[in-house]
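Colleague: Dumping the structure here so I can ask a few things about it.
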Amino acid sequence: MGAPLEPLEPGRRPQAAKWYRLRPRGAGPSGRVGPGCLLLPARPGRVLLLGGADTDGAFADAHVLELGSLRWAQAGWSGLRPRYEHATFLPPRRPPRLWVFGGALDPETGTWESPAVAGTPPLPRTFHASLAAVGDRLYVFGGGDKGAEPVQDQQLHVFRHRYLWAVPDTRGDPPSPRHGHIMVAVGTKLLIHGGLAGDVFYDDLFCIDTADLTWVKIRASGDVPGGRASHASAVLRDHVYIFGGMGPAGALDTTHKYHMGEQRWTLLRFESPLPAGRLDHAMCVIPWRAPGSPGTAGEEAEEEPAGGKADLLLGSQEEEEEEEQGCGEDPALHLLFVFGGMDTQGEMFRDCLVTLIE
Numbered sequence: 150m151g152a153p154l155e156p157l158e159p160g161r162r163p164q165a166a167k168w169y170r171l172r173p174r175g176a177g178p179s180g181r182v183g184p185g186c187l188l189l190p191a192r193p194g195r196v197l198l199l200g201g202a203d204t205d206g207a208f209a210d211a212h213v214l215e216l217g218s219l220r221w222a223q224a225g226w227s228g229l230r231p232r233y234e235h236a237t238f239l240p241p242r243r244p245p246r247l248w249v250f251g252g253a254l255d256p257e258t259g260t261w262e263s264p265a266v267a268g269t270p271p272l273p274r275t276f277h278a279s280l281a282a283v284g285d286r287l288y289v290f291g292g293g294d295k296g297a298e299p300v301q302d303q304q305l306h307v308f309r310h311r312y313l314w315a316v317p318d319t320r321g322d323p324p325s326p327r328h329g330h331i332m333v334a335v336g337t338k339l340l341i342h343g344g345l346a347g348d349v350f351y352d353d354l355f356c357i358d359t360a361d362l363t364w365v366k367i368r369a370s371g372d373v374p375g376g377r378a379s380h381a382s383a384v385l386r387d388h389v390y391i392f393g394g395m396g397p398a399g400a401l402d403t404t405h406k407y408h409m410g411e412q413r414w415t416l417l418r419f420e421s422p423l424p425a426g427r428l429d430h431a432m433c434v435i436p437w438r439a440p441g442s443p444g445t446a447g448e449e450a451e452e453e454p455a456g457g458k459a460d461l462l463l464g465s466q467e468e469e470e471e472e473e474q475g476c477g478e479d480p481a482l483h484l485l486f487v488f489g490g491m492d493t494q495g496e497m498f499r500d501c502l503v504t505l506i507e
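Heads up, the sequence shown is in the numbering used here, so the first residue is 150 and it goes up one at a time.
Written out as structure tokens, the structure reads:
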């Protein structure tokens with residue numbers, strides 16, 4: 150275990166180069182690996198954690214963390230089969246529809262269904278973080294098969310909101326088969342880093358622009374991270390952040406930032422203790438409101454999720470109209486949010502960790 154981290158209370162402004170722990174109220178998720186994780190587009194912010202697994206099996210639950218009040222709530226959905234390391238996707242359209250590879254949620258009724266889908270879907274696989282969304286399209290590459298082996302599939306798969314799977318023709322040399330890699334979208338570009346095949350940990354970096362579908366292997370500079378798998382990633386503007394994972398020496402506790410334009414890695418250094426090294430955890434970027442940041446004057450913390458089941462996924466119509474008219478304010482502060490995971494000894498984590506990013 151890492152050293153205890155300082156708690157960050159609602160409304161407090163975090164310092165740079167420090168890790169903190171959040172202390173949400175309510176019955177949150179148990180310790181687990183491989184949950185789906187999404188920041189839901191509703192102010193002041195909600196994080197969805199869906200499914201996951203521990204040593205006793207997989208989960209079918211869904212929890213929502215209200216960032217305004219730092220309180221856990223059960224989503225109250227039904228019909229999802231237990232799963233972990235799955236694909237989770239919320240297209241930016243109304244009415245909202247939350248997709249999991251192998252099903253979709255109708256938020257008006259709060260029930261999961263398995264709609265008919267055309268095309269050829271990817272073969273069954275574990276995903277970890279081997280998928281990314283660009284607009285209303287979900288892209289999938291690689292994934293796990295059995296044990297430490299990946300699926301022998303180097304094709305890029307695309308799911309479109311019209312219930313259609315497709316395999317587009319690509320150019321260039323794709324990454325070798327792997328699982329446990331990260332795949333993120335920055336604008337129209339997809340970035341793939343790391344992963345595992347058998348006992349080989351990859352440290353390579355690939356990019357494919359969905360506009361021209363050409364694979365490029367990137368020769369990045371700077372503090373290039375060593376080979377790893379089962380790490381987590383998140384994007385803020387033109388920076389990609391990775392944290393944790395597993396390398397040849399065990400679980401990792403390091404954080405790297407990649408600048409897309411400069412093609413350069415930076416190892417982030419901290420003045421606080423580091424979190425316990427972990428793998429197969431969830432991570433996303435969250436907004437954080439504190440004194441001095443826009444939009445905080447007179448703002449009351451919400452105690453319970455507002456509205457119905459659909460409002461858990463998206464904000465109100467008024468909030469959406471504000472965003473379209475340019476009235477929505479940037480919270481100014483953004484944090485990396487990490488939940489759960491495990492170490493190489495099998496200890497499951499259920500902590501919520503954050504650090505300020507720029």
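Glycine is no exception: its CB is placed at the ideal position from the N, C-alpha and C atoms. Bear in mind that the values here come from a model prediction, so they are computed numbers and not experimental data.
Assign residue 386 to one of three DSSP states: helix, strand, or coil.
Modeller: coil
Colleague: What number of angstroms, rounded off, separates the C-alpha of residue 393 from the C-alpha of residue 380?
Modeller: 5 Å
Colleague: Looking at C-alpha atoms only, which residue of 385, 329, 176 and 167 is the closest neighbour of residue 274?
Modeller: 329
Colleague: DSSP state of residue 563, grouped into three classes?
Modeller: This structure does not reach residue 563, given that the chain is present from 150 up to 507, and the question cannot be answered.
Colleague: According to DSSP, simplified to helix, strand and coil, what is residue 491?
Modeller: strand
Colleague: Are residue 173 and residue 221 closer than 8 Å when you measure CB to CB?
Modeller: Result yes, Cβ atoms of residue 173 and residue 221 sit closer than 8 Å.
Colleague: Have a look at residue 260 and residue 425 and give me their C-alpha separation to the nearest angstrom.
Modeller: 36 Å
Colleague: For residue 253 versus residue 246, is the C-beta spacing smaller than 8 Å?
Modeller: Cβ atoms of residue 253 and residue 246: closer than 8 Å.
Colleague: Could you pull out every residue in the same chain whose Cβ sits closer than 6 Å to the Cβ of residue 206, ignoring the five residues on either side in sequence?
Modeller: none
Colleague: Using the C-alpha atoms, what's the distance from residue 185 back to residue 199?
Modeller: 5 Å
Colleague: So is residue 474 buried or exposed if we call it buried at 16+ other beta carbons inside 10 Å?
Modeller: For residue 474, the predicted structure reports a pLDDT of 44, less than 50, and the residue's modelled location is therefore unreliable. The matter cannot be settled from this model.
Colleague: Evaluate residue 196 with the Cβ neighbour count: other Cβ atoms within 10 Å of its Cβ, from every protein chain shown; 16 or more gives buried, anything less gives exposed.
Modeller: buried
Colleague: For residue 358 and residue 175, I'd like the C-alpha separation in whole angstroms.
Modeller: 42 Å
Colleague: Just to confirm the assignment, what range does the beta strand (DSSP E) spanning residue 351 have?
Modeller: It is not in any beta strand (DSSP E) - residue 351 carries neither H nor E in the DSSP assignment.
Colleague: Beta carbon of residue 341, beta carbon of residue 276: below 8 Å?
Modeller: no
Colleague: Roughly how many angstroms separate the alpha carbons of residue 239 and residue 327, rounded to a whole number?
Modeller: 25 Å
Colleague: Closest by CA to residue 264, which one among 423, 500, 311 and 496?
Modeller: 311
Colleague: Return the chain-ordered list of same chain residues with a C-beta closer than 7 Å to the C-beta of residue 202, the five sequence neighbours on each side being excluded.
Modeller: 181, 182, 183, 208 and 233
Colleague: Along the chain, where does the beta strand (DSSP E) containing residue 339 start, and where does it finish?
Modeller: From DSSP, the beta strand (DSSP E) with residue 339 extends over 338 to 342.
Colleague: Taking the alpha-carbon of residue 301 as reference, which of 398, 308 and 293 has the nearest alpha-carbon?
Modeller: 293
Colleague: Quick one: Cα of residue 423 to Cα of residue 384, how far?
Modeller: 21 Å
Colleague: Who pairs with residue 505 in a beta bridge, going by DSSP?
Modeller: 484
Colleague: Any idea what DSSP makes of residue 319, helix, strand or coil?
Modeller: coil
Colleague: Cutting at 8 Å between CB atoms, please list the residues of its own chain near residue 314, excluding the five before and the five after it.
Modeller: Closer than 8 Å at Cβ, skipping near neighbours: 266, 267, 268, 269, 270, 271, 306, 307 and 308.
Colleague: For residue 368, is the classification buried or exposed, using 16 other Cβ atoms within 10 angstroms of its Cβ as the cut-off for buried?
Modeller: exposed
Colleague: Determine the extent of the beta strand (DSSP E) in which residue 307 is found, giving its start and end residues.
Modeller: 305 to 309
Colleague: Tell me the rounded alpha-carbon separation between residue 366 and residue 321.
Modeller: 9 Å
Colleague: If I measure Cβ to Cβ from residue 129 and keep anything under 6 Å in the same chain, skipping five residues before and after, which residues do I get?
Modeller: Here the chain covers residues 150 to 507 and nothing more, so residue 129 does not appear.
Colleague: According to DSSP, is residue 396 helix, strand or coil?
Modeller: Residue state, collapsed to three classes: strand.
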